[in-house]
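See structure below.
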Amino acid sequence: MAFGKGCHLHLIDGSAYIFRAFHALPPLTRKSDGLPIGAVSGFCNMLQRYIDGNNGSDAPTHVAVIFDKGSHTFRNDLYDLYKANREAMPEDLRPQIPLTREATRAFNIACEEIEGFEADDIMATLARQAREAGGRVTILSSDKDLMQLVGDGVDMLDPMKNKRIDREGVIEKFGVPPERVVDVQALAGDSVDNVPGAPGIGIKTAALLINEFGSLEDLLDRAEEVPQPKRRQTLIEMREQIELSKKLVQLDDRMALPFSLDDLEVRPPEPEKLMAFLTQMEFRTLTRRIAESLGIEAPAIPDTTPEGANPDTDAPPPPPVAPEAYECVRDMVALERWIAQARDRGWVAFDTETTGLNEMTCDLVGVSLCVEAGTACYVPLAHRAPGADDLFGSSELLEGQIPMDRALAALKPLLEDPAVLKIGQNMKYDAKVMARYGIRIAPIDDTMLMSYAMNAGLHGHGMDALSERYLSHTTIPIKDMIGSGKAQITFDRVGIEEATKYAAEDADVTLRLWQSFKPQLHRVQVTRVYEGLERPLVPVLTEMEMAGIKVDRNVLSRMSGAFAQKMAQLEEEIHQLAGEAFNVGSPKQLGEILFDKMGIEGGKKGKTGAYATGADILEDLATEHELPRRVLDWRQISKLKSTYTDALQDHINPDTGRVHTSYLIAGANTGRLASNDPNLQNIPVRSEEGRRIREAFVADEGKVLVSLDYSQIELRILAHMADIPALKEAFREGQDIHAMTASEMFNVPLDQMTPDIRRQAKAINFGVIYGISGFGLARNLRIPRAEAQGFIDRYFERFPGIRQYMDDTVAFAKEHKRVETMFGRRIHTPEIGAKGPRAGFAQRAAINAPIQGTAADIIRRAMIRMPAAIAGLPARMLLQVHDELLFEVDKAAAEDLIGIARDVMEGAAEPVVKLDVPLIVDAGQGANWAEAH
DNA sequence: AAATTCACG
DNA sequence: GACGTACGTGAATTTC
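Residue 1 is where the first sequence starts when you use the UniProt record's numbering, and the numbers rise one by one after that.
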């Protein structure tokens with residue numbers, strides 16, 4: 001039936017339905033795989049209720065559900081801050097968006113959306129068309145932005161309150177009739193959509209003014225006549241902003257639509273299609289109820305699926321990975337098609353190929369995208385002919401590649417689109433590479449971090465291993481592309497066809513892993529860990545790593561020279577003492593000199609049969625002999641020179657003059673970060689000589705380095721977790737914890753404490769954190785083993801809760817094959833049931849992990865909150881060293897920074913965890929890291 | 001590539 | 001009665 005006189009059009013505001021459904025309902029997940037499904041369920045319920053309510057005389061002849069699509073509309077072109085303060089879509093809602101489209105179609109209701117337009121504009125256009133054709137319109141929404149459409153033959157219906165809004169209702173709400181609503185909105189502005197309006201004027205004042213002057217235009221033209229001086233001034237000065245606001249709130253009812261009113265005719269339900277969708281969603285009650293109302297038998301829904309099953313129980317299994325099938329994207333038309341597909345889905349797996357492993361120095365060679373298992377492409381951007389170098393080591397780009405700038409310009413809106421989730425494996429790498437090309441990828445998911453949150457301690461989290469383990473698929477080795485060793489080439493020299501298979505496979509595998517992991521996160525109950533402690537760290541670390549820290553090459557190079565001299569001198573003395581020249585750096589040769597030639601008592605070690613010559617052994621020998629002392633000195637300097645003063649210089653980035661480390665988020669089993677390339681978490685500090693290396697880490701001109709570190713954080717956590725009243729009390733009183741321990745253990749009053757007794761207690765305190773043993777403590781303190789064991793026994797007697805904690809933790813580990821931090825991070829302990837020496841090892845690791853891991857979680861929380869907290873200061877967070885954060889800040893703002901950052905760190909456990917002991921942060925500042933620490 | 005050593009928390 | 005032995009990392013060097 002053609003739309004015309006007597007017809008009645010219903011327009012359903014789909015996006016409003018979804019958000020209502022999402023926020024009104026408790027989170028609900030699909031039983032078989034944990035897919036969040038609450039909003040879809042609520043959405044279906046609302047649609048069903050809508051259909052049930054349509055039996056009256058007022059039933060529609062035409063109906064459509066209208067959705068928003070894309071985040072960029074013509075309003076963003078008018079005003080780039082339009083809807084800028086809108087919060088990101090909740091993670092659990094995102095995957096449900098496409099499902100609501102499916103649901104609408106399953107109900108056999110027309111479902112319309114147009115890229116780059118808001119649903120409101122489509123509804124405005126349809127409403128106008130319907131009126132002009134002589135029909136009536138009802139808009140099912142409560143959105144006040146739509147009230148401007150109400151009028152002769154058009155009204156609104158709030159589906160939740162079942163309240164009809166007509167002309168009178170609009171006047172009640174806005175104080176003006178519908179045709180003046182935009183004028184009021186233009187003046188009042190809208191904080192939700194970030195429409196500026198006129199400052200100081202709200203809806204009430206706006207309505208007053210519009211009623212008095214007749215229209216916005218008249219008001220602005222005759223603003224001089226407004227009696228209130230402040231108001232008058234605002235209207236005159238802000239005229240442009242007000243006019244812009246009107247353009248933002250004015251709906252476009254003249255859109256060109258690719259469909260007509262006739263296409264929206266009400267269609268009878270198709271029970272099979274609807275039932276298929278509802279059962280796939282596993283809506284038991286809803287399926288039964290709708291089946292009843294349709295007068296058919298409700299299909300059975302399988303109860304549940306086995307662990308590790310494919311998430312889409314009703315969907316066919318994904319196709320096997322087939323690298324030959326991947327598309328190579330060589331022109332803009334094809335690229336735009338892929339981008340559109342990604343937008344349609346709301347997610348895309350993304351991967352970059354580069355010329356190296358260092359994100360700060362490598363060049364982008366190509367990117368790959370995957371929108372569905374098996375449907376992936378590679379976009380080559382900078383491949384070159386193999387070997388055909390010119391004098392400067394470069395060659396012409398190969399034909400058939402989209403120019404880099406054009407491709408990136410097309411990809412940027414997608415990669416930055418808040419409505420499209422970008423899925424990666426180790427996304428920090430890709431985020432850093434793309435950031436150097438001016439693209440800030442967001443929002444993201446990361447399969448490496450998902451694996452880490454679920455399976456830390458069980459296996460590694462690299463893509464090849466994950467693919468093997470969870471997809472039973474062996475990925476193409478990178479060696480097949482670039483070779484290895486001396487003949488290794490960079491990825492830009494790999495043939496484009498070969499590269500397509502390799503690169504697109506990575507994106508394909510990443511997407512498949514994501515589809516498998518995403519529902520598992522819920523099932524395993526680590527969603528909070530992943531979303532709260534892993535994923536948010538990616539942008540924070542990206543910023544820190546790209547900021548880098550300034551290192552003074554001259555300081556290092558001067559020290560290097562001095563070290564070389566000292567080493568040469570020591571080497572000569574060592575050779576003389578040995579009576580022959582040998583390589584002091586060779587433990588094997590040193591062992592032979594010491595134990596064979598010089599005949600010192602000592603033993604072989606390990607299956608290699610080599611003598612052990614570690615520092616502790618040489619330390620013992622040093623009391624009797626001179627040579628070992630010199631070797632120890634030589635080794636210390638050699639270490640400082642090779643690892644620090646020399647190697648560090650090679651890490652100074654020529655472009656920035658700074659050193660950019662890279663943090664591994666999923667490196668350490670306990671939740672700690674690890675730093676590499678270079679490791680800036682092990683810069684010397686314990687020895688006076690080594691400490692001076694920190695003088696080379698400097699603040700930029702006009703700035704200082706600020707260091708804040710948690711005091712005794714692991715002992716505090718132990719005191720809380722093991723619930724030791726004496727320790728908790730001591731921390732609350734701000735006492736010297738090691739002196740207190742010594743006093744308790746050895747019955748020495750605090751005022752008679754000696755440094756030596758305190759030192760022993762300190763060693764015991766640390767030993768407890770590591771899972772103490774008599775042997776280990778004896779070796780550490782260099783005392784007889786029996787005496788060490790005596791200390792431990794006494795410690796457990798004085799603090800019986802410690803033993804209890806250790807026993808409980810090991811028992812928990814044995815039962816669950818894992819332990820947990822206070823924030824729910826899981827650390828697996830597969831070796832806990834082992835026999836022999838490995839048993840003790842696994843038990844100590846299990847005892848230590850919750851303590852070390854909880855401390856790691858706390859500083860992660862501080863780091864995640866830090867950027868927002870210090871946003872107003874001229875400061876940057878540069879480094880994390882487990883319990884320390886290092887900042888660079890303008891001199892004048894150093895104290896402000898210390899105050900704010902300290903508050904963030906000391907309060908980082910809250911509100912999730914309330915510790916019985918305070919967290920205390922010490923701070924320092926200076927021109928270099930040695931001074932700041 | 002493995003083993004050894006040593007820097008850090 | 002013997003086994004080994006403090007927790008977590010990364011990097012440079014030598015040796016196989």
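For every residue, glycine included, the Cβ atom is placed at its ideal position computed from N, Cα and C. Note that this is a predicted model, so its numbers are computed, not measured.
Remark: C-beta atoms of MET753 and TYR795 do not approach each other more closely than 8 angstroms.
Around ARG629, the same chain offers ALA622 as residues with beta carbons nearer than 7 angstroms, after the five sequence neighbours per side are excluded. Going by DSSP, GLU372 is part of the beta strand (DSSP E) stretching over 364–372.
Using a 10 angstroms sphere on the CB of PRO299, the tally of other CB atoms stays under 16, which defines it as exposed. Note on the stretch 96–126: whole alpha helix (DSSP H) runs with a minimum of 4 residues are 97–106, in chain order. LEU750 and ASN583 have their C-alpha atoms some 50 angstroms from each other. Counted as a single uninterrupted DSSP element, the stretch harbouring GLY70 is not any beta strand (DSSP E), since DSSP gives it neither H nor E. Going by C-alpha positions, LYS604 is about 27 angstroms away from GLN789. Counting along the chain, the unbroken beta strand (DSSP E) around CYS377 starts and ends at 375–380. Going by beta carbons, ILE203 and ALA223 fall outside the 8 angstroms limit. By the criterion of a C-beta distance shorter than 8 angstroms, SER41 is surrounded in its chain by ALA21, LEU25, LEU28, MET281, PHE283, LEU286, once the five residues flanking it on both sides are discounted. The DSSP-derived three-state label of TYR805 is helix. The residues THR447, MET448, MET463, THR510, in chain order, have a CB closer than 6 angstroms to that of GLN425 in the same chain once the five nearest residues on each side in sequence are set aside. In the DSSP assignment, no residue is bridged to ASN211. Per DSSP, TYR770 is one residue of the alpha helix (DSSP H) stretching across 755–770. Under the DSSP assignment, PHE350 falls in the beta strand (DSSP E) whose first and last residues are 347–354.
Note on geometry: alpha-carbon atoms of ALA110 and ALA206 lie some 38 angstroms from one another. Three or more beta-carbon pairs drawn from the stretch 667–675 and the stretch 825–835 are found closer than 8 angstroms, and the two stretches are therefore classed as touching. Cβ-Cβ separation between GLY591 and ALA578: approximately 12 angstroms, too far for a contact (criterion under 8 angstroms). Between the alpha carbons of ALA385 and MET360 lies a gap of roughly 24 angstroms. Between the alpha carbons of LEU648 and ARG436 lies a gap of roughly 23 angstroms. By a beta-carbon distance limit of 8 angstroms, LEU879 does not contact LEU873. Their separation comes to about 17 angstroms.
The count of Cβ pairs closer than 8 angstroms, one atom from the stretch 681–693 and one from the stretch 710–717, stays below three, leaving the stretches out of contact.
Take the alpha-carbon of ALA334 and the one of VAL706: they are about 50 angstroms apart.
A Cβ-Cβ contact shorter than 8 angstroms links TYR663 with LEU541.
Contact check for ALA349 against CYS370 passes: the beta carbons are separated by less than 8 angstroms.
The beta carbons of VAL195 and ARG167 sit no closer together than 8 angstroms.
In the DSSP assignment, GLU619 falls outside any beta strand (DSSP E) and lies within the alpha helix (DSSP H) extending over 615–621. In this structure, VAL176 sits near VAL184, with a CB-CB distance shorter than 8 angstroms. When C-beta atoms of the stretch 757–769 are compared with those of the stretch 807–820, fewer than three pairs fall below 8 angstroms, so the two segments do not count as touching. Under the three-state reduction of DSSP, GLU884 is assigned to strand.
Judged by DSSP in its simplified three-state form, VAL40 adopts helix.
Its chain contains ARG779 as the residues whose beta carbon lies nearer than 8 angstroms to that of ASP616, once the 5 sequence neighbours on both sides are disregarded; these appear in chain order. Cα atoms of PHE791 and GLU884: separation of roughly 31 angstroms, rounded to the nearest angstrom.
TYR663 sits in a strand when the DSSP states are folded into three classes. For GLY926, the uninterrupted beta strand (DSSP E) run begins and ends at 921–926, by DSSP.
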